[in-house]
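Chains as they are written, first to last, in my numbering: chain A, 1 to 246; chain B, 1001 to 1246.
Each residue gets a CB set at the ideal place from its N, CA and C atoms; glycine is no exception.
All remarks here apply to the structure that follows.
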């Protein structure tokens, strides 16, 4: 199962999952990137997506807590640094809060995670639990949605700059940074999965994990769309336009 | 409960736990530091203590996986860096394997964790699980055995250099590094515990956690002493002198 043609076929299978299920195909993103969102819809997205961002370092720490190999932990640790920052350099979470300010939200409100949709919490918390509980191969494979991220970040940067007054290099620096961080992370993760998914069962497990992760991302946008676009029914506890402004 | 005299009394209570229960009082350490250990007894200690060292970054990642505050995660992350190292700098695990080489062991054998006493695994794994499952306050308080570590490291450095041919600045550099790392970590951890253990119940929880951790350390030395000193009954699966030599 480890010959090069099998490896290439398996990689193609993983990439097909992205082509069919990644959330760049979700109508909310078409709306966002084409300038069709109201400022309140953008704010709702910023508030909810913050919850996802804020849990990523916890997810990565949960992964590292299960890794016995110091070299693998060391390779993974940069993901946490990217999001949490270092003593000298702010990280992705800080940059996301600059976007929050840019769209007129109080960053403390956003960081409090009040107003995050319950469905967002359920999906994101399921992801953190998955990485904590499932086999390491599944945990690494679930990170491979990063394979598809640079394309959506490019579209987003261009779309936001073209269509929204709040968009400028400072407010959207989160996405600019991800353009270099995500490819480095995913090159490592993809190589690791291709090396370790050698049997048909292991390849199925990795494909299932990546599918699961696309579900986690898609469910967040469905919840957002339902609450703030159509039908626009905000569930109890969800952010209401006007709340949390700077 | 937060007045300065209460804070000082609580800190004194924590320090008393160390004075009464820390593993510097264990007879194995007296034997080791006074030059009374055979080289095989030193090797058994190096092999078993490696298992503890190797799980510390996993324990710290388990902690970080539960922390919602980026600043607290950032402050904690240096512990993982200290043990796993960075791209440019080796970490504590690497330095411990230099000690392993210094005492004539094959570092790959030591890193494989074969031959680690089952009782060592049980105690260490219980610590990792504790930090993963218990309230954050208990998790942080369990790290406070570092309060008592510099004194034992000083004794150890002096004792090893005075009594054993294998000891030189290279082979014992692990302990030298801990002299600066541990006080920085514990200053943060102690401040955090003193700030967050404000009720009597919380102070009891923190004291129990520190007591638990002293049990984890003591149990490892009891197992080592039983297997390799007196009565010297190596349990099934435990390292046998002659195995794993370089």
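Output yes or no for whether 8 angstroms exceeds the beta carbon distance between residue i and residue j.
i: residue 127 of chain A; j: residue 216 of chain A; result: yes
i: residue 61 of chain A; j: residue 1064 of chain B; result: yes
i: residue 1097 of chain B; j: residue 1111 of chain B; result: yes
i: residue 1166 of chain B; j: residue 1092 of chain B; result: no
i: residue 104 of chain A; j: residue 47 of chain A; result: no
i: residue 153 of chain A; j: residue 188 of chain A; result: no
i: residue 1240 of chain B; j: residue 1017 of chain B; result: no
i: residue 1248 of chain B; j: residue 1022 of chain B; result: Residue 1248 of chain B lies beyond the range of chain B shown here (1001 to 1246); nothing can be said about it.
i: residue 245 of chain A; j: residue 171 of chain A; result: no
i: residue 1194 of chain B; j: residue 1150 of chain B; result: no
i: residue 10 of chain A; j: residue 229 of chain A; result: no
i: residue 1206 of chain B; j: residue 1200 of chain B; result: no
i: residue 1234 of chain B; j: residue 1227 of chain B; result: yes
i: residue 35 of chain A; j: residue 191 of chain A; result: no
i: residue 1113 of chain B; j: residue 1220 of chain B; result: no
i: residue 1134 of chain B; j: residue 1182 of chain B; result: no
i: residue 80 of chain A; j: residue 1077 of chain B; result: yes
i: residue 148 of chain A; j: residue 24 of chain A; result: yes
i: residue 70 of chain A; j: residue 1084 of chain B; result: yes
Let me know the secondary structure DSSP gives residue i once reduced to three states.
i: residue 1117 of chain B; result: coil
i: residue 1068 of chain B; result: coil
i: residue 1026 of chain B; result: coil
i: residue 94 of chain A; result: helix
i: residue 200 of chain A; result: helix
i: residue 1230 of chain B; result: coil
i: residue 34 of chain A; result: coil
Checking contacts by CB at 8 angstroms: is residue i closer than that to chain B?
i: residue 237 of chain A; result: no
i: residue 73 of chain A; result: yes
i: residue 57 of chain A; result: yes
i: residue 205 of chain A; result: no
i: residue 84 of chain A; result: yes
i: residue 62 of chain A; result: yes
i: residue 47 of chain A; result: no
i: residue 143 of chain A; result: no
i: residue 172 of chain A; result: no
i: residue 70 of chain A; result: yes
i: residue 132 of chain A; result: yes
i: residue 77 of chain A; result: yes
i: residue 39 of chain A; result: no
i: residue 226 of chain A; result: no
Using the rule of at least 16 other Cβ atoms within 10 Å of the residue's Cβ for burial, across every protein chain shown, is residue i buried or exposed?
i: residue 1020 of chain B; result: exposed
i: residue 1089 of chain B; result: exposed
i: residue 1039 of chain B; result: exposed
i: residue 237 of chain A; result: exposed
i: residue 1145 of chain B; result: buried
i: residue 173 of chain A; result: buried
i: residue 1001 of chain B; result: Bear in mind that a pLDDT of 49 at residue 1001 of chain B, under 50, signals an unreliable position, so the model cannot answer this.
i: residue 32 of chain A; result: buried
i: residue 30 of chain A; result: exposed
i: residue 141 of chain A; result: buried
i: residue 1242 of chain B; result: exposed
i: residue 291 of chain A; result: No answer is possible for residue 291 of chain A: it lies beyond the span of chain A, which begins at 1 and ends at 246.
i: residue 232 of chain A; result: exposed
i: residue 161 of chain A; result: exposed
Under a CB-based cut-off of 8 angstroms, is residue i close to chain A?
i: residue 1178 of chain B; result: no
i: residue 1107 of chain B; result: no
i: residue 1080 of chain B; result: yes
i: residue 1233 of chain B; result: no
i: residue 1112 of chain B; result: no
i: residue 1005 of chain B; result: no
i: residue 1157 of chain B; result: no
i: residue 1034 of chain B; result: no
i: residue 1093 of chain B; result: yes
For residue i, list the residues DSSP reports as bridge partners.
i: residue 137 of chain A; result: Partner(s): none; residue 137 of chain A has no beta bridge.
i: residue 1147 of chain B; result: Partner(s): none; residue 1147 of chain B has no beta bridge.
i: residue 1160 of chain B; result: DSSP, once it has assigned bridges, lists no residue as partnering residue 1160 of chain B.
i: residue 245 of chain A; result: A:105
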